Amino acid sequence: MRIALDYDGTYTRAPALWDAFIASVKQHGVEVVCVTMRHPEEVTEIGCPVHYTGREAKLFWCARNGLQIDVWIDDMPQYIVGDAR
Ligand SMILES: [Mg+2]
-15 MRIALDYDGT YTRAPALWDA FIASVKQHGV EVVCVTMRHP EEVTEIGCPV HYTGREAKLF
45 WCARNGLQID VWIDDMPQYI VGDAR
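The sequence shown stops at residue 69 when you use the numbering used here, and every number in between is there.
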C-alpha cells in the first residue's frame, strides 16, 4: 500500500502530527510519499519522498509517472482530479 500525503494545508497544518504518522506508517511496512502541486523549485521540508506535480492534477500526474496511490490524504481533494492552473 502507498499513501499520498499532501503538503500545503495538510502537512504544514500539523507537522509534528504528520511526522509521527509518517514514522508509524513506515514501521508498519507501508510506503508514504508526499504529493504536492508545488513546483520542484518550491522547497518542502518533510521526512518522506516528495513528488511535485507543478499544479497538475495529482491523480493524473501520478498515473502518467507510474506512481500508483492507494490512499490520499489531502485538505483539498478537488486537486487530486483537477488542475490548479
Ligand atoms: Mg493542500
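Glycine is no exception: its CB is placed at the ideal position from the N, C-alpha and C atoms.
Because the structure is a prediction, the values reported are computed rather than measured.
Asked: THR20 versus LYS42: straight-line alpha-carbon distance, rounded; Found: 8 Å
Asked: Closest by C-alpha distance to GLY31, when choosing among ALA7, ARG(-3), TYR63, ARG39; Found: ALA7
Asked: GLY(-7) Cβ short of 7 Å to ligand 1 heavy atom set; Found: yes
Asked: Rounded straight-line distance, which links the Cα of ARG69 to that of VAL55; Found: 24 Å
Asked: Residues bridged to LEU(-11) [DSSP beta-bridge criterion]; Found: CYS18, ILE57
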